[in-house]
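Q: I have a structure here, written as structure tokens, and I will follow up with some questions on it.
Numbering (this note's numbering), first residue to last: 30 to 258.
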């Protein structure tokens, strides 16, 4: 069986070496990049199964690298951040990161998070039966990760698509933010409930006023529901 490949991107060579040792001991193949430009080249040539991406990098920062990679790849990305602000975490997730880990981190936690993200990614890619929900002028296909609105396919980050699929599969059911974090992001997602708000806001921008037969509703003080009239 081929080893899964992890690209480690950090300008701190000690952190890279520590992660490399632990990951290789755990059975992964690794490659290291120390700046943003090198990260983009490595992502293309090394074809990693997952990228550990620091935010504060020379040449291009982690946000720019994440944005560039997401233009043509859905390789899972875990952001490494020395900053604990919610804003950073939400921005990373908005740009298409799959998870984030704050420094200083425990290497066991890093490996557990990597395995969780890789597992979710392989579950997503391993679906055989077509799973989709259809409403007036809306089709959400979770097998091919397609959102079709009023006959047009709309580019949608994977987590937004999973969120609307989850809500639309259970019409008129109200979900709290914590339930959505648990059921869409997975129990091993250490998140902030505002992450859900950000994803709902993005979905609303794509779905507003498309149909009068359904809507993505806020239930004040509780959470959200996909309301079908």
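Every residue gets a Cβ at the ideal spot worked out from N, C-alpha and C, and that includes glycine.
If you drop the 5 nearest sequence neighbours on each side, which residues of the same chain put their C-beta closer than 6 Å to that of residue 122?
A: Taken in chain order, the residues that qualify are 224.
Q: Taking the straight line between their C-alpha atoms, what separation do you get for residue 203 and residue 179?
A: Near 25 Å, if we compare the C-alpha coordinates of residue 179 and residue 203.
Q: When the Cα atoms are used, what is the spatial distance from residue 148 to residue 214?
A: So the alpha carbons of these two residues sit roughly 12 Å apart.
Q: Straight-line CA distance for residue 197 to residue 162?
A: Taking the straight line joining both Cα atoms gives about 7 Å.
Q: Counting Cβ pairs closer than 8 Å, one from the segment 33-43 and one from the segment 57-72, do we hit at least three?
A: Verdict: yes, contact present.
Q: Quick check on this structure: which residue in 243, 250, 131 and 133 has the alpha carbon closest to the alpha carbon of residue 256?
A: Ranking the options by Cα distance to residue 256, first place goes to 243.
Q: Please classify residue 174: does DSSP put it in a helix, a strand, or coil?
A: In this structure, residue 174 counts as coil in the three-state DSSP scheme.
Q: If we count the other Cβ atoms within 10 Å of its Cβ and call it buried at 16 or more, is residue 234 buried or exposed?
A: Residue 234 is exposed by the Cβ-count criterion.
Q: Reducing DSSP to helix, strand and coil, say where residue 85 ends up.
A: DSSP places residue 85 in coil when its eight states are reduced to three.
Q: What residue range is occupied by the uninterrupted alpha helix (DSSP H) comprising residue 328?
A: The question about residue 328 has no answer here: the residues shown for the chain are numbered 30 through 258.
Q: Which same chain residues end up closer than 7 Å to residue 127 when comparing Cβ atoms and leaving out the 5 residues on each side of it in sequence?
A: Answer for residue 127: 105, 106, 107 and 146, listed in chain order.
Q: Can you list, in chain order, the residues of its chain with a C-beta nearer than 8 Å to that of residue 66? Leave out the 5 residues immediately preceding and following it.
A: Around residue 66: 88 and 89.
Q: I need the DSSP call for residue 78, collapsed to helix, strand or coil.
A: Coil at residue 78, not helix or strand.
Q: Applying the criterion that 16 or more other CB atoms from any shown protein chain within 10 Å of the CB defines a buried residue, is residue 83 buried or exposed?
A: Burial call: buried.
Q: Give me the Cα-Cα distance between residue 192 and residue 240, rounded to the nearest whole angstrom.
A: Using only the alpha carbons, I get a separation of about 19 Å.
Q: Let's test the definition: count the other Cβ atoms within 10 Å of the Cβ of residue 42 and tell me whether it reaches 16, buried, or not, exposed.
A: Flag for residue 42 reads exposed.
Q: Suppose only complete runs of 4+ residues qualify. What are the alpha helix (DSSP H) ranges in the segment 213-253, listed by chain order?
A: If we require 4 residues or more, the alpha helix (DSSP H) runs fully inside the segment 213-253 come out as 223-236.
Q: By alpha-carbon positions, which one of 78, 110, 55 and 130 ends up nearest to residue 150?
A: Per the Cα distances, 78.
Q: What's the C-alpha gap between residue 249 and residue 231?
A: Approximately 18 Å between the Cα atoms of the pair.
Q: From which residue to which residue does the alpha helix (DSSP H) around residue 207 run?
A: Residues 206-209.
Q: Output yes or no for whether 8 Å exceeds the beta carbon distance between residue 245 and residue 229.
A: Going by C-beta atoms, residue 245 is nearer than 8 Å to residue 229.
Q: What would DSSP say about residue 198, mapped onto helix, strand or coil?
A: Three-state result, residue 198: coil.
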